[in-house]
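Numbering (our numbering), first residue to last: -15 to 522. For every residue, glycine included, the Cβ atom is placed at its ideal position computed from N, Cα and C. To start, the structure itself, in structure tokens.
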């Protein structure tokens, strides 16, 4: 799918088409956060009985009377006439329903109905039960539908009504701007997403608990109220009393262990907060010890992922065949940045902060599933604003070395502005219902109590660099070892170049900090350019 200003180009294996609007229902392989996704696998037999045993207007949903086989398994009976029906076995588990097992259970279930039958048709399928299977295109003229639009209830596969209502919305609204707003709204999680997350975690790691949970749900609540819940139209009050009637300790188990799993599934989300908190704690008991330990950790991680993650641009941009032109282009951009600093340090600094803020925001929001140019710029500005403004005194010391005008703010103004930026960030995180956003701003708040080097390092090395490293690793299907090998020439070259240029002033740490800032800005701009192209392609 290639968007253009006046049309969208669709490229297939056989032809190219130019259209005004695209409805996209292509299936996506879900990128699961924790372990592999639960699968809803099924086998259904469309049968004709030798006598009337069905009531056409009555169907049997989720009959758990069959053996569970250490999974969550049930039967559907969907009659079409008095002697015809679809008898379907469904399994919730991370493993697919075995063919022989399905055949055995279906035969036993039909035998219990007490009549002979003829199989007219057999249907099979596997549906990932994931909260990460939806995707919305940047261009509002490309409209996701079906599972790609997130219209399948991840915990049950319930989709008929939501797909129908979405189709009605699309028919009634043919104007892309509003459709774009609808798509953004559909991206945001809600309390039902939390319920689904907890239940999916149970089905992943304790699938044998599913029978008790679902049976209790349908036994304790009227069917029409359960369907309102599945349609995400129930009230919070109703949901509280519903959960009170379910096996509550099973859900508390899910809350505890899913939280632990979530933290370890993406360490970069919690590492800055964890390390920053440990530094504060060490400083409390032994002043200065936390700072030394924190800086040691950051220096080690800087050489493991910080510098190397930016040294892989050549491989993702051009490949080995065009490495020399790439290096020349990279060095040219770096030279232009250095010349800008020499011509006007203030312009160089402001420009560096602007493109860094955008890049940090782009990387984070890509990771959090909130890709948006505006939000990327806003989040980047907020996080850098908190880090820099809260360390105005240290920042001004570096500015003086660079002949840049200092930021003359009274201490109470610094506190007021910092708190204001933090408050805006928290409000946005709540409005966007983004847990990673909120964790990040809490980590940055911890950083306001540390030095500027630690505060920025915690974010840049442990969050930004690790996130970017993982994005490259996943998209290119590389291993950590292969990435380090690939990055070694560029990482080594960058370090040698830095030492050669600034060796004459190696005794002045303060001067080094200003040199480092200029050098970092020169390295950053070409890196940001190539990473932006990489994100657009992926």
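In the DSSP assignment, the alpha helix (DSSP H) including residue i goes from what residue to what residue?
i, result
"residue 63", "No alpha helix (DSSP H) contains residue 63, which is instead part of the beta strand (DSSP E) from 56 to 65."
"residue 361", "357 to 373"
"residue 426", "419 to 431"
"residue 146", "144 to 156"
"residue 229", "Segment: none, residue 229 is in no alpha helix (DSSP H) and carries neither H nor E."
"residue 267", "255 to 269"
"residue 176", "175 to 189"
"residue 341", "329 to 352"
"residue 391", "No alpha helix (DSSP H) contains residue 391, which DSSP labels as neither H nor E."
"residue 458", "450 to 460"
"residue 93", "83 to 95"
"residue 136", "Premise fails: residue 136 is in no alpha helix (DSSP H) and is neither H nor E."
"residue 546", "An answer regarding residue 546 cannot be provided, because it is not within the stretch -15 to 522 covered by the chain."
"residue 441", "436 to 441"
"residue 209", "207 to 214"
Spell out the partners DSSP gives residue i in its beta bridges.
i, result
"residue 29", "71, 106"
"residue -7", "-14, 2"
"residue 23", "77, 112"
"residue 101", "33"
"residue 7", "127"
Rounded to whole angstroms, what's the CA-CA distance from residue i to residue j? Just pull it up for me.
i, j, result
"residue 143", "residue 455", "31 Å"
"residue 81", "residue 74", "8 Å"
"residue 165", "residue 134", "Summary for residue 165: the model assigns pLDDT 40, below 50, so the residue's position carries little reliability; its value from the coordinates is reported in the next sentence. Roughly 15 Å between the two C-alpha positions."
"residue 283", "residue 188", "38 Å"
"residue 445", "residue 138", "35 Å"
"residue 170", "residue 418", "Unreliable placement is indicated for residue 170, whose pLDDT of 45 sits below 50; no coordinate value is reported for it."
"residue 200", "residue 233", "14 Å"
"residue 582", "residue 66", "Past the edges of the chain, shown from -15 to 522, lies residue 582, and the structure says nothing about it."
"residue 397", "residue 206", "58 Å"
"residue 368", "residue 341", "7 Å"
"residue 334", "residue 174", "38 Å"
"residue -8", "residue 127", "12 Å"
"residue 422", "residue 429", "11 Å"
"residue 448", "residue 57", "43 Å"
"residue 194", "residue 312", "59 Å"
"residue -4", "residue 357", "29 Å"
"residue 391", "residue 384", "10 Å"
"residue 240", "residue 246", "10 Å"
"residue 52", "residue 93", "13 Å"
"residue 62", "residue 140", "17 Å"
"residue 68", "residue 211", "26 Å"
"residue 359", "residue 415", "12 Å"
"residue 474", "residue 322", "19 Å"
"residue 309", "residue 355", "31 Å"
"residue 464", "residue 300", "15 Å"
"residue 387", "residue 459", "42 Å"
Quick check on the DSSP output: the beta strand (DSSP E) that includes residue i runs from which residue to which?
i, result
"residue 44", "44 to 47"
"residue 128", "126 to 128"
Since I believe residue j is in contact with residue i (beta carbons under 8 Å), could you give me their beta-carbon distance rounded to a whole number of angstroms?
i, j, result
"residue 146", "residue 215", "7 Å"
"residue 198", "residue 48", "7 Å"
"residue 452", "residue 442", "Actually they do not touch by this definition, with Cβ atoms about 15 Å apart."
"residue 376", "residue 393", "6 Å"
"residue 31", "residue 102", "6 Å"
"residue 411", "residue 425", "Not confirmed; about 10 Å, so no contact."
"residue -13", "residue 125", "7 Å"
Three Cβ pairs or more, each shorter than 8 Å: is that satisfied between the stretch 35 to 55 and the stretch -1 to 8? no
The stretch 8 to 26 / the stretch 98 to 117 touching (three or more Cβ pairs under 8 Å): yes
Are there three or more Cβ pairs, one per stretch, closer than 8 Å when the stretch 343 to 350 is compared with the stretch 507 to 520? yes
If contact is defined by three or more beta carbon pairs under 8 Å, each pair taking one atom from either stretch, is the stretch 271 to 280 in contact with the stretch 249 to 263? yes
Any chance the stretch 82 to 98 sits against the stretch 20 to 34, with 3 or more Cβ pairs inside 8 Å? yes
Three or more C-beta pairs below 8 Å linking the stretch 358 to 367 and the stretch 463 to 470: The stretch 358 to 367 vs the stretch 463 to 470: no contact.
Are the stretch 104 to 113 and the stretch 221 to 233 touching, with three or more C-beta to C-beta distances below 8 Å? no
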